[in-house]
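In UniProt numbering, the protein residues as written are 1 to 575.
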Ligand SMILES: Cc1cc2nc3c(=O)[nH]c(=O)nc-3n(C[C@H](O)[C@H](O)[C@H](O)COP(=O)(O)OP(=O)(O)OC[C@H]3O[C@@H](n4cnc5c(N)ncnc54)[C@H](O)[C@@H]3O)c2cc1C
Ligand SMILES: Cc1cc2nc3c(=O)[nH]c(=O)nc-3n(C[C@H](O)[C@H](O)[C@H](O)COP(=O)(O)O)c2cc1C
């Protein structure tokens, strides 16, 4: 008898949590199977006793791609209201409250399961929020506590223990096997073609901010190889998901902390799954024959701030009494503030944390890495080029800042992109973004300060080719006319858009997009009255609210609220 854990995930977070639940179930003497939703047969759901769902929301309040088939099946009218009557279910939704359709996937799934007669184990879906001070753990931890108690109270899993048993040997998800010299590589090419990530070659990578400006922003052009052209077509508003690798300096810190020799790092290895339920490893990323060095560069996230589960698993594997105790403190519910102080507030990386626990780190088995570390998440970037079959461009601002740590902190993917050289290859995939643009002749008002301008360069680039007489406004904001006014020379050549720029540091008084919109209120009103739609992209900080407030001043609060609901005002914002 075992419980079922199903996840729907776009960038891997829900999958990590599902795997962490499987480990914790094992430590409670409870067998658990983990599947991504679309790999599980919906027809078998009614025969399950307990199902834990972990699902993220993607796009604009959408289900992640690997659960869309299942979601469609679950919506079938032919499924009666008693379809899941014998099943106990619970849902953890993953989302980000800076998005308008916060945690829609989790909320919708919860409602549908209840309609299908499932016995819901919690009152509503538990909603994890990226914006929470401790991230998704803010909901994951209380949810876990409630469901373990709930499952035990069902009384159907006799061997289940109330407390975690630290002596249980956890079966790792994957294991590493050494490939003996001379062994032929099997033909496993099918795995490669299954991945929807394609290797794109960098054609150019140009800094578009002035050398004097603190911000390093890049316009990066990738070539779409001829054989990938059809699956990689795109429209304005689409995003490119990019899979970054760890920076060299972070890999170096981890290697030293983990004590790996050159021979270990370069030995030929193969990663294989340990049970029939796990997904195959992403061979497209690191190869069927790989090395430990490649795994550390491309697969394990060594740069992210370690989560509570990192400390939990380090404590579990540690043989050093004092380090074990400290790791336990940091992973305990009482140690939350300590954890925030040690890891989150100073933005310590996982590699640096290995360094702080040398005895434990140097004694970790290779297979343990799969349980301790999470996998590098791909990042989304709004496509900045007009649709093209041969290339795709991104406008990327490098994230770099100071913290209490001695070395400057750097965003993983934006730094990876900033360092790309012509000819480098990067795994990417295209997927729909949030915006649903109207027909190319319909009037639009776009607000895109900073890199928020990217989707509008794609939109107006396309319009200037196919609908040059259409009307559009673009409110753009940046620090200075000569520092970071992206594409300033291109806009003049486009008939279909009037660009109004706000420079926040060129004058004594700071001028932002919302101020420029206020100045042009009359024109905006005229366009809105003639049916224009509004699109807002960029930082999810104060800007979207300030813009909405100007629109409310122009058209009234009710109008603005309704326009947001009906999609006449749309947002694509990020933190
Ligand atoms: C739909 C969508 C479209 C996007 N389009 C673009 C785009 O066109 N161009 C673009 O540049 N980005 C875009 N982004 C953002 C992009 O996906 C990444 O989030 C961004 O590049 C940072 O990723 P990173 O891996 O470099 O940083 P990470 O390693 O993920 O670190 C980022 C984190 O660092 C922290 N941080 C950042 N600055 C500071 C600071 N000063 N102090 C303390 N902490 C800080 C924040 O917690 C932030 O979440 C988009 C995001 C989405 C969701
Ligand atoms: C491109 C993109 C779109 C997103 N859209 C939403 C959204 O509409 N609503 C929401 O609550 N969260 C949204 N999120 C946040 C994710 O749900 C959240 O980061 C989650 O932890 C990701 O889980 P996953 O890695 O399993 O996909 C979005 C994230 C990305 C990268």
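C-beta: ideal position from N, C-alpha, C; glycine also.
These numbers were taken from a predicted model, which means no experiment stands behind them.
Limits of the alpha helix (DSSP H) - the one that residue i falls within
i           : result
residue 573 : First-last for residue 573: 569-574, but that is the beta strand (DSSP E), not the alpha helix (DSSP H).
residue 126 : Element bounds for residue 126: not the alpha helix (DSSP H) but the beta strand (DSSP E), 126-129.
residue 294 : 292-298
residue 517 : 513-519
residue 322 : 321-331
residue 229 : Note, residue 229: premise wrong, no alpha helix (DSSP H); not H, not E.
residue 168 : Here residue 168 belongs to no alpha helix (DSSP H), and DSSP marks it neither H nor E.
residue 461 : 454-466
residue 224 : Unbroken run through residue 224: none, as it is neither H nor E.
residue 258 : 248-258
residue 540 : No alpha helix (DSSP H) contains residue 540, which DSSP labels as neither H nor E.
residue 451 : Looking at the DSSP string, residue 451 is not in any alpha helix (DSSP H), and its letter there is neither H nor E.
residue 352 : 350-356
C-beta contact flag for residue i and residue j at 7 Å
i           : j           : result
residue 304 : residue 251 : no
residue 550 : residue 536 : no
residue 286 : residue 295 : yes
residue 54  : residue 18  : yes
residue 506 : residue 490 : no
residue 279 : residue 391 : no
residue 218 : residue 14  : no
residue 178 : residue 269 : yes
residue 384 : residue 458 : yes
residue 174 : residue 282 : no
residue 340 : residue 330 : no
residue 127 : residue 139 : yes
residue 229 : residue 389 : yes
residue 573 : residue 540 : yes
residue 125 : residue 110 : yes
residue 52  : residue 11  : no
As assigned by DSSP and simplified to three states, the class of residue i
i           : result
residue 141 : helix
residue 189 : For residue 189, the predicted model reports a pLDDT of 45, less than 50, meaning its position is unreliable and no value from the coordinates is stated.
residue 157 : coil
residue 416 : helix
residue 581 : With the chain covering 1 to 575 only, the question about residue 581 has no answer from this structure.
residue 36  : strand
residue 1   : coil
residue 501 : strand
residue 205 : strand
residue 20  : helix
residue 116 : coil
residue 287 : coil
residue 391 : strand
residue 7   : strand
residue 431 : strand
residue 445 : strand
residue 470 : coil
residue 376 : coil
residue 361 : helix
residue 80  : coil
Status (buried if at least 16 other CB within 10 Å, exposed otherwise) for residue i
i           : result
residue 88  : buried
residue 466 : exposed
residue 318 : buried
residue 214 : exposed
residue 382 : buried
residue 1   : exposed
residue 403 : exposed
residue 575 : exposed
residue 75  : exposed
residue 529 : exposed
residue 415 : buried
residue 172 : buried
Residue range of the beta strand (DSSP E) that includes residue i
i           : result
residue 547 : Note, residue 547: premise wrong, no beta strand (DSSP E); alpha helix (DSSP H) at 543-555.
residue 243 : 239-243
residue 90  : 88-95
residue 51  : 50-56
residue 270 : 269-273
So does the region 333-349 actually touch the region 127-145, counting three or more Cβ pairs closer than 8 Å?
Output reads yes: the region 127-145 touches the region 333-349.
Inter-stretch contact (C-beta, 8 Å, three-pair minimum) for the region 520-531 and the region 434-448
Here the region 520-531 lies against the region 434-448, with 3 or more beta-carbon pairs under 8 Å apart.
Given 8 Å as the limit, is there contact between the region 111-122 and the region 84-93, that is, 3 or more CB pairs closer than that?
The answer is yes - the region 84-93 touches the region 111-122, with three or more Cβ pairs under 8 Å.
Using 8 Å as the Cβ pair cut-off and three pairs as the minimum, do the region 470-478 and the region 493-509 touch?
Between the region 470-478 and the region 493-509 there are three or more C-beta pairs closer than 8 Å, enough to call the two in contact.
Should the region 402-411 be regarded as contacting the region 510-518, the criterion being three or more beta carbon pairs within less than 8 Å?
Three or more beta-carbon pairs separated by less than 8 Å are not found between the region 402-411 and the region 510-518, which leaves the two stretches without contact.
Below 8 Å, can you find three or more Cβ-Cβ pairs linking the region 147-162 to the region 367-379?
Taking 8 Å as the limit for Cβ pairs, the verdict is that the region 367-379 does not touch the region 147-162.
Report yes or no: do three or more beta-carbon pairs, one from the region 22-40 and one from the region 392-399, lie closer than 8 Å?
Under the three-pair Cβ rule at 8 Å, the region 22-40 does not count as touching the region 392-399.
Counting beta carbon pairs with one atom in the region 237-257 and one in the region 416-435, are three or more of them shorter than 8 Å?
They touch, by the three-pair rule.
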